[in-house]
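A.B. asks: Sharing a structure here in C-alpha cells format.
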Amino acid sequence: MTQLPLFDERVKTAPRSPDVSYIRRSLGRLLRLAREAEILPWSEAETASWEKLFPQLAASLPADEGEALIAEFQGELARLRSPAD
Numbered sequence: 082m083t084q085l086p087l088f089d090e091r092v093k094t095a096p097r098s099p100d101v102s103y104i105r106r107s108l109g110r111l112l113r114l115a116r117e118a119e120i121l122p123w124s125e126a127e128t129a130s131w132e133k134l135f136p137q138l139a140a141s142l143p144a145d146e147g148e149a150l151i152a153e154f155q156g157e158l159a160r161l162r163s164p165a166d
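If you count the sequence shown from 1, position 27 lands on 108 in this note's numbering, and the numbers rise without skipping.
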C-alpha cells in the first residue's frame, strides 16, 4: 500500500508577465470615460479605488507612457471634482 504525499509537490511556474496591451486598453477606456464626463462617473468609493489602482496598472507600461497617463487621469479627476462655475 502506498501512502499519499503529505505536502503537494507541484512544480511552481514563474509568474506571468502582465498583458501590457490589455492594461493599455483598460487605462485608455477609463481615461476616455473621465474625459467625456461632466460629473464623476463613479461613486466616491469607486473613484478612490481607481485613484489607487490606476498608477499601479500604469506602472506596467513604459515609464514615460505610464507617467503621462497618470498625470492626465489625475488632471481629469481634479477637473471633475472642481466646483461647477
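Built from N, CA and C at the ideal position, the CB exists for glycine as well. Everything numeric in this text was worked out from a predicted model, so none of it was measured.
Any idea if G109 is buried or exposed, counting beta-carbon neighbours within 10 angstroms, 16 or more meaning buried?
C.D. replies: Taking the sequence shown and counting its residues from 1, one reaches residue 109 at position 28. With fewer than 16 other Cβ atoms within 10 Å, it is exposed.
A.B. asks: Would you say the region 86-98 touches the region 120-130, given that touching needs at least three Cβ pairs under 8 Å?
C.D. replies: No: the two stretches stay apart, fewer than three of their Cβ pairs being nearer than 8 Å.
A.B. asks: Which of the three DSSP states, helix, strand or coil, is assigned to Q123?
C.D. replies: For the purposes of this step, residue 123 is taken as residue 42 along the sequence shown, with counting starting at 1. Gln is not the amino acid found at residue 123; the sequence shown has Trp there. Correct three-state label for W123: coil.
A.B. asks: Which stretch, first to last residue, makes up the alpha helix (DSSP H) that contains V92?
C.D. replies: For the purposes of this step, residue 92 is taken as the residue at position 11 of the sequence shown. Element bounds for V92: n/a, residue is neither H nor E.
A.B. asks: Less than 8 Å between CB atoms is the rule here; does P164 satisfy it with respect to chain B?
C.D. replies: Of the chains in the structure shown, none is chain B; there is only one protein chain.
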